[in-house]
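Chemist: Protein sequences appear in the order of chains A and B. Letter by letter, the first sequence follows residues 1 to 471 in the working numbering. Letter by letter, the second sequence follows residues 1001 to 1296 in the working numbering. Every residue gets a Cβ at the ideal spot worked out from N, C-alpha and C, and that includes glycine. Pasting a structure here, questions to come.
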Amino acid sequence: MASPPKYGLPGHLVDFVGALRTHQVPVGPGETVDAAAVLTALNLLRREELREGLAAALLRRSGQRAVFDTLFDLYFPIALGRGQSEVEVPWTPDGEVDLDALRDILADLLRDGDDAALRELARAIVDALGQAGGGQGGNGPGQQGQGPKNWSAYQVLRQLSPETLLARILSDLMADNSDAFAEEVARREIRQRIAEFRKMITEEVRRRTAETRGRDQVAKTAVPKQAEQVEFLSAYADQLAMLRKTVHPLARRLASRLAVRRKHAKRGQMDLRRTLRRSMSTGGVPMRPAYRTRRPGRPELVVFCDVSGSVAGFSHFTLLLVQALREQFSKVRVFAFVERADEVTHLFAPGNDLASVMTRVLREAELVTFDGHSDYGGSLASLVEHWPDAVGPRSSLLILGDARTNYRDPNLAVLRRLIGQARHSHWLNPEPRKQWGSGDSAALRYADLLPMHECRTVAQLAEVVESLLPV
Amino acid sequence: MSAIQPAIPQSPLFGSVDDVTERLASVGYLASIAAATTVYLADRLGKPLLVEGPAGVGKTELAKAVAACTDSGLVRLQCYEGIDEARALYEWNHAKQLLRITSGQGRESWDDTRDDVFSEEFLLPRPLLTAIRRSEPTVLLVDEMDKADVEVEGLLLEVLSDFQVTVPEMGTITAKRRPFVLLTSNSTRELSEALKRRCLFLHLDFPDAELERRIVLTRVPELPEKLADSLVRTVRVLRGLELRKAPSVAETIDWARTLLALGLDTLDDEAARATLGVVLKHHSDTQKAAAELRLN
């Protein structure tokens, strides 16, 4: 258990703010002072109000909320130790947890969607089942072991396996109804609740671990990353789904920034010819100067992207972003490749469902000839062979991929020719710069031919794309 | 006319967070804990409240409800691209000034005329100045702040931090009574740090199931409770799909009204298929939802 903070509540608040800063939430001293004012204005016994109040004073962006919530739970825990809960875990007479009875209780609560009771149950369950090492707690309610304990969410969830309750709850709910639509809605709802219950267990384990191990230790590993800082290559499926939700806001932001840039760039050179012609109507005195207006350039974009498993998340996100920005381009052509290239532009037509477009790319396009490992050289060659007119003098070429050729020929000659044909060419690489050229990566050899940009996170990608967009 | 005396300390509008919740509910706005707490704090700490969130979750409604439940006047500044000082703060009434100058010609000295044309009578107050000068309780709503240009934010800084406006010809006008300020944003662009720093921040998200059910029942009282329940559950499932535009509370209410108007009392296959277009605004979304929820 952490010792009481040295400077009381203000000291604790400052510690909390410090933890936020280490997790890339910028909080200034001014905001800390506001937060202190919040502490005086609120009833501290109401935890949810305190949470919202502190969030209002400390956060400036909605993406920071997940980090804040996790840290808040660590610094202002809901209880110490077991806490007091009204829900009890059923025990068998010989001091073991009665798993079947427990699963019955859980199924009932999941069916009714009673969040408060589920939370209490999670707390009781973790206390009873969550201690790692000893299998089932087995020491009866209320008994406390000696020394630091390990808590494990995996162990709890393995014994409970809440997913297996789905069918049972569903048949309970759908007893007098055979509507396919209603059943599907109910199924998804229950699945969502089970996912939430898993999260409750994880949070509870985190709280108990923080008590034994110290919260700094837990904060270091357990706090989720903000969407902008998640690395494409190591993102989980649900993180990628979260990223995809940020595509449209990001595209809108980029477009409006671009509009501002264009507005400022408009104050251009004076057009002498037109100014003199205008001055004719004012007796030769140039009263109204005329400026050269610049037409916004709308280049054709050719995207050539690696969709093999290792970089698919990154490629997908970038393609969605390009698609969301398509008004900035006169024409967009998309070529996907693994071992050979194929055109997939038609899958990105407006109106198509883009969230699952990657699976369609892999299913419908001919990308694999031999073993399904990416082959940059061969793909470049097939692009030039089958679509010789794809890259022309008006097009910008954008290549997405990690340049890992699996020790095959990188085919620099073809790429050099493509670059010569294109107006601009850029390579976006989701790998960290220091890994370029290591192992089978041909990144450095490609980087000699064209500018290669490191795009590990959404933030980096946004920066690169913004600088590439034409003014 | 020089500076008006500084703001007198004023009694807060609300007594506690519960008080906020109750009074907002009395005018038909059911607030989440987050919304109630931040409204209470904004009032207590005298800071503006910046509300962000998806379209249709009740950002503007919140301001209207605060105004209604505290008997304050609502002054609204609707932002749009190209809004400027003359539209937001104040403007001199040029035509009237010219009239005044021509009518006084030959009879008055220039000094008198000048002092007179730049006085109260020729000032056209715009929303920000209006809100500052009102002596009755006021709620100032700056709507869709993100639509305005960056320069306008600079203009707001003085108003939001000191509740005063400087008119060069007249001096600084300080608020007689601090207005309750609420800014809304759809986050189409990032607002400047300087502006955000001066505000409390509230991210208004989709409400939880229980709250949404109550909101729908308040707005559409004729709706049977059972239907409201399945409606809200379906909308929540729809939000879980990856859609281009997730349905918001406004759409749930629309859907409820539609079902009522069509005389449907359960949300089954057929009803859902026929009315899905009310909640989903893109064709691709409708297709996807139909496929995933087995409506085909």
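Which first and last residues belong to the alpha helix (DSSP H) in which A:Phe317 is found?
Modeler: It spans Ala312 to Ala324 - the alpha helix (DSSP H) in which A:Phe317 sits, taken as one unbroken run.
Chemist: What first and last residue would you give for the alpha helix (DSSP H) that runs through B:Ala1031?
Modeler: Taken as a continuous stretch (DSSP letters only), B:Ala1031 belongs to no alpha helix (DSSP H), as it is neither H nor E.
Chemist: If you run the structure through DSSP and keep just helix, strand and coil, what is B:Leu1140?
Modeler: Note: B:Leu1140 maps to strand in three-state DSSP.
Chemist: Show which residues of chain B have a CB atom less than 9 Å away from the CB atom of A:Glu48.
Modeler: Here the neighbours are Ile1033, Ala1034 and Thr1037.
Chemist: Would you check if the distance between the CB atom of A:Ala153 and the CB atom of A:Leu173 is smaller than 8 Å?
Modeler: Not a contact, by the Cβ cut-off of 8 Å.
Chemist: Is the region 1155-1175 of chain B close to the region 1204-1223 of chain B, with three or more CB pairs under 8 Å?
Modeler: Output reads no: the region 1204-1223 of chain B does not touch the region 1155-1175 of chain B.
Chemist: By how many angstroms is the C-alpha of A:Ala312 removed from the C-alpha of A:Thr359?
Modeler: Each residue's alpha carbon lies about 10 Å from the other.
Chemist: Compare the beta carbon distance of A:Ser330 and A:Pro299 with 8 Å and say whether it is the shorter of the two.
Modeler: For A:Ser330 and A:Pro299, yes; Cβs fall inside 8 Å.
Chemist: Spatial neighbours of B:Leu1129 within its chain, please: CB distance less than 6 Å, with the 5 preceding and 5 following residues excluded, ordered by chain position.
Modeler: The answer, listed in chain order, is Leu1089, Tyr1090 and Val1165.
Chemist: Thinking C-alpha only, which one of A:Arg417, A:Leu418, A:Gly420 and A:Pro451 is nearest A:Asn429?
Modeler: Among A:Arg417, A:Leu418, A:Gly420 and A:Pro451, the Cα nearest to that of A:Asn429 belongs to A:Pro451.
Chemist: Got a sec: is the Cβ-Cβ distance from A:Asn411 to anything in chain B below 8 Å?
Modeler: Judged by the 8 Å Cβ criterion, A:Asn411 is not in contact with chain B.
Chemist: Let me confirm a value: B:Thr1138 is counted as buried when at least 16 other C-beta atoms fall within 10 Å, else exposed. Which label applies?
Modeler: Result: buried.
Chemist: Given A:Met1, which residues of its chain have a CB within under 6 Å of its CB, disregarding the five upstream and five downstream residues?
Modeler: Note that A:Met1 has pLDDT 44, beneath the 50 cutoff, so the model's placement of it is unreliable and the number below is only indicative. Hits under 6 Å: Glu211.
Chemist: For A:Pro141, does the three-state DSSP call read helix, strand or coil?
Modeler: Reliability of the predicted coordinates at A:Pro141 is poor, the pLDDT of 42 falling under 50, and no value is obtained from them.
Chemist: Inspect the beta-carbon positions of B:Leu1217 and B:Ala1228 and report whether they are closer than 8 Å.
Modeler: Closer than 8 Å, so yes.
Chemist: Which parts of the region 413-441 of chain A are runs of the beta strand (DSSP E), unbroken and 3 residues or longer, counting only runs that do not cross its ends?
Modeler: Segments of the beta strand (DSSP E) lying fully in the region 413-441 of chain A: 424-429.
Chemist: Could you round the C-beta distance between A:Phe501 and A:Leu319 to whole angstroms and report it? I think they count as a contact, below 8 Å.
Modeler: In this structure chain A extends from 1 to 471, so residue 501 of chain A is not present and cannot be described.
Chemist: For chain A, find out if any of its Cβ atoms is closer than 8 Å to the Cβ of B:Ala1007; answer yes or no.
Modeler: In this prediction, B:Ala1007 has a pLDDT of 46, which is less than 50 and means its spatial position is unreliable; nothing more can be read from the coordinates.
Chemist: Once DSSP output is grouped into helix, strand and coil, what is the label at A:Phe76?
Modeler: Looking at A:Phe76 - three-state DSSP - the assignment turns out to be coil, as it is neither helix nor strand.
Chemist: What does DSSP give as the partner residues of B:Ile1173 in its beta bridges?
Modeler: For B:Ile1173, which the question treats as bridged, DSSP gives the partners B:Val1165.
Chemist: Pairing CB atoms from the region 228-244 of chain A with CB atoms from the region 448-466 of chain A, are three or more of them under 8 Å?
Modeler: Judged by Cβ distances under 8 Å, the region 228-244 of chain A makes contact with the region 448-466 of chain A, as three or more pairs qualify.
Chemist: When you compare the CB positions of B:Asp1018 and B:Gln1078, do they come within less than 8 Å of one another, or not?
Modeler: Result no, Cβ atoms of B:Asp1018 and B:Gln1078 do not sit closer than 8 Å.
Chemist: Going by DSSP, what residue range makes up the alpha helix (DSSP H) through A:Met242?
Modeler: Start and end: Ala237 to Lys245.
Chemist: Using a Cβ-Cβ cut-off of 6 Å (strictly less than) and excluding sequence neighbours within five positions of A:Thr246, which residues of its own chain qualify?
Modeler: Result list for A:Thr246: Ala227, in chain order.
Chemist: Would a check of beta-carbon distances place B:Arg1233 closer than 8 Å to chain A?
Modeler: Taking Cβ atoms only, chain A reaches closer than 8 Å to B:Arg1233, which makes this a yes.
Chemist: Could you check whether the Cβ of A:Gly284 sits closer than 8 Å to any Cβ belonging to chain B?
Modeler: Cβ-Cβ to chain B under 8 Å: no for A:Gly284.
Chemist: If I'm right that A:Phe317 touches A:Arg244 with Cβ under 8 Å, what's the distance once you round it to whole angstroms?
Modeler: Sure, about 7 Å apart at Cβ, within 8 Å.
Chemist: Using a Cβ cut-off of 8 Å, pull out every chain A residue sitting near B:Glu1196, in sequence order please.
Modeler: This sequence places Lys at residue 1196 of chain B; Glu is not what is there. Arg60, listed in chain order.
Chemist: Spell out whether any CB of chain A is found under 8 Å from the CB atom of B:Phe1201.
Modeler: It does: the Cβ of B:Phe1201 has a partner Cβ on chain A nearer than 8 Å.
Chemist: A:Gln24 CB to nearest chain B CB: under 8 Å?
Modeler: Cβ-Cβ to chain B under 8 Å: no for A:Gln24.
Chemist: In whole angstroms, what separates the C-alpha of A:Leu254 from that of B:Ser1192?
Modeler: Distance between the alpha carbons of A:Leu254 and B:Ser1192: 15 Å.
Chemist: Compare the C-beta of A:Pro470 with all C-beta atoms of chain B and state if any pair is closer than 8 Å.
Modeler: Answer no: the Cβ-Cβ gap between A:Pro470 and chain B never drops below 8 Å.
Chemist: Under 7 Å Cβ to Cβ from A:Arg423, same chain only, skipping five residues before and after it: list those, please.
Modeler: Once the five neighbours on either side are set aside, the close Cβ partners of A:Arg423 are Pro299, Pro393, Arg394, Ser395 and Ser396.
Chemist: If we define contact as Cβ-Cβ less than 8 Å, is B:Ser1284 a contact residue for chain A?
Modeler: For B:Ser1284, the answer is yes, since a Cβ of chain A falls inside 8 Å of its Cβ.
Chemist: Our contact map puts B:Leu1267 next to B:Leu1280 with C-beta atoms below 8 Å; I'd like the distance itself, whole angstroms only.
Modeler: Not a contact, Cβ separation roughly 15 Å.
Chemist: Establish whether the CB of A:Pro249 and some CB of chain B are separated by less than 8 Å.
Modeler: For A:Pro249, the answer is yes, since a Cβ of chain B falls inside 8 Å of its Cβ.
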